[in-house]
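Undergrad: Have a look at this one before I ask anything.
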Amino acid sequence: MLETIRSSPEWMPATRDGIPCEGSVEIVLDLTPKIDPQKRPDMISVTTLAEPLFPRTSTVQITTQSIPNFIRWIGENFRSPIPKKDKNIHPCRIAFVVRANGSVTDVNISECDDPRLSAELKRVVETSPDWAPALVNKKEHDYTMCINGLFRPGKKKYGFYLSENIPPEFKEGDLKTFRTWVMDRIQYPTACAIRNIEGEVTVSFVVETDGSIGQITPIKSPHKLLTQEVVRVLKLSPKWKPGMVNGEIAPAELSISFNFKNRP
177 MLETIRSSPE
187 WMPATRDGIP
197 CEGSVEIVLD
207 LTPKIDPQKR
217 PDMISVTTLA
227 EPLFPRTSTV
237 QITTQSIPNF
247 IRWIGENFRS
257 PIPKKDKNIH
267 PCRIAFVVRA
277 NGSVTDVNIS
287 ECDDPRLSAE
297 LKRVVETSPD
307 WAPALVNKKE
317 HDYTMCINGL
327 FRPGKKKYGF
337 YLSENIPPEF
347 KEGDLKTFRT
357 WVMDRIQYPT
367 ACAIRNIEGE
377 VTVSFVVETD
387 GSIGQITPIK
397 SPHKLLTQEV
407 VRVLKLSPKW
417 KPGMVNGEIA
427 PAELSISFNF
437 KNRP
């Protein structure tokens, strides 16, 4: 069986936030011998499995988006019991059953280092809207879900993330907060203003493991002076709280755009 799976042609990989990433696929194989004179007696029948989808009303039926969608929903309904002054990252494991009717039952929170956090996560998950249930051979079926997450206290609307990916954080805010910080410090280059050069500047930059801004790469710009001004301000950035991958602090690449508009 393993040799057969290993010989599979290449797949199109899953993506997260537009970036290719690893993904798991689960199939169920019925190994019961099939007695059929027209077929080999050891023929395997394949049971098709479609995992639950969240939200149930989603018009885009993409399984890989269901967990991120649910994590966002948890964050929007979560009331943090952890003081904001607590800067620790708290791991949590959420398990629950999506029933054949789409309801969520048997919620269990484990591997959590704070009982207040466990209780609040359990409260929120138990109020989950219905999911589109799993389908086994196109029939609704109960399905157990397990999510490993990390909770980061702060001023953001929510701070619960999938354990494999926590984005960097700027002044307890997101990229929008950082854009505002940069725009408050950008000065329109005089030469560009005189010549009425305007347009959008897009750059990417790396938030290093120590929170500093690393490599800055121009992506699009109407003029090099505008790019230079954006780069100048980015280099002034205070340190970020670095992102995490699989529970480990890791560098992260972000992109940001600024629209230069010359106002007389």
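Residue numbers for the sequence shown follow this note's numbering, beginning at 177 and rising by one. All C-beta atoms in this analysis are idealised placements derived from N, C-alpha and C, irrespective of residue type, glycine included. Just so we're clear, the structure is a prediction, and the values are computed from it rather than from any experiment.
(1) Given a cut-off of 8 Å, decide if Leu401 and Pro172 are closer than it, judged by their beta-carbon atoms.
(2) Starting from the Cα of Arg299, find the closest Cα among Gly278, Ile432, Ser242 and Ile285 and give me that residue.
(3) Would you tell me roughly how many angstroms separate the C-alpha atoms of Glu186 and Asn245, rounded to the nearest one?
(4) Taking 7 Å as the cut-off, is the C-beta of Gln404 nearer than that to any heavy atom in the ligand SAM?
(5) Which word fits Met359, buried or exposed, when buried means at least 16 other C-beta atoms lie within 10 angstroms of its C-beta?
(6) Can you give me the start and stop residues for the alpha helix (DSSP H) that Glu302 sits inside?
(7) Since Leu293 contacts Ile258 with CB under 8 Å, what's their CB separation in whole angstroms?
(8) Once you ignore the five residues that flank Gln404 on each side, which residues in its own chain have a CB closer than 8 Å to its CB?
(9) My output table needs one value for Asn372: the three-state DSSP class, helix, strand or coil.
(10) So what does DSSP say about Ser380, is it helix, strand or coil?
(11) Can you tell me where the alpha helix (DSSP H) with Asn245 in it begins and where it stops?
(12) Considering only C-alpha positions, which residue in the set Ser380, His317, Ala367 and Ile265 is nearest to Ile425?
(13) Report the option in Glu287, Pro309 and Trp249 whose CA atom is closest to the CA atom of Asn324.
(14) For the alpha helix (DSSP H) containing Gln404, name the first residue and the last one.
(15) From this set, Gly419, Ala369 and Asn372, which residue's C-alpha is nearest Val383's C-alpha?
(16) If I follow the unbroken alpha helix (DSSP H) through Lys352, where does it start and stop?
TA: Taking the geometry as given:
(1) With the chain running from 177 to 440 in the structure shown, residue 172 is simply not present.
(2) As a first step, residue 299 is located in the sequence shown; it is residue number 123 there, counting from the start. Among Gly278, Ile432, Ser242 and Ile285, the Cα nearest to that of Arg299 belongs to Ile285.
(3) Here residue 186 refers to the residue found at position 10 when the sequence shown is read from its first residue. Here residue 245 refers to the residue found at position 69 when the sequence shown is read from its first residue. The alpha-carbon atoms of Glu186 and Asn245 are separated by roughly 27 Å.
(4) This structure lacks the ligand SAM, and indeed carries no ligand of any kind.
(5) Residue numbering aside, residue 359 sits at position 183 when the sequence shown is read from its first letter. Exposed, because fewer than 16 other Cβ atoms sit within 10 Å of the Cβ of Met359.
(6) To locate residue 302, count along the sequence shown from 1; it is residue 126. Glu302 -> alpha helix (DSSP H) spans Pro291 to Glu302.
(7) Residue numbering aside, residue 293 sits at position 117 when the sequence shown is read from its first letter. Residue numbering aside, residue 258 sits at position 82 when the sequence shown is read from its first letter. That pair is a contact at about 6 Å.
(8) For the purposes of this step, residue 404 is taken as residue 228 along the sequence shown, with counting starting at 1. Taken in chain order, the residues that qualify are Pro365.
(9) Your numbering for residue 372 matches position 196 in the sequence shown. Under the three-state reduction of DSSP, Asn372 is assigned to coil, being neither helix nor strand.
(10) Counting from one through the sequence shown, the residue named residue 380 turns up at place 204. Ser380 falls in the strand class under three-state DSSP.
(11) Looking up residue 245 in the sequence shown gives position 69. First-last of the alpha helix (DSSP H) with Asn245: Ser242 to Asn253.
(12) Stepping through the sequence shown from its first residue, residue 425 is reached at position 249. Per the Cα distances, Ile265.
(13) Stepping through the sequence shown from its first residue, residue 324 is reached at position 148. Measuring from the Cα of Asn324, the nearest candidate turns out to be Glu287.
(14) To locate residue 404, count along the sequence shown from 1; it is residue 228. That run of the alpha helix (DSSP H) goes Lys400 to Leu410.
(15) As a position in the sequence shown, residue 383 is number 207, starting the count at 1. Comparing Cα positions, the closest option is Gly419.
(16) Numbered from 1 along the sequence shown, position 176 holds the residue referred to as residue 352. Note, Lys352: alpha helix (DSSP H), Leu351 to Met359.
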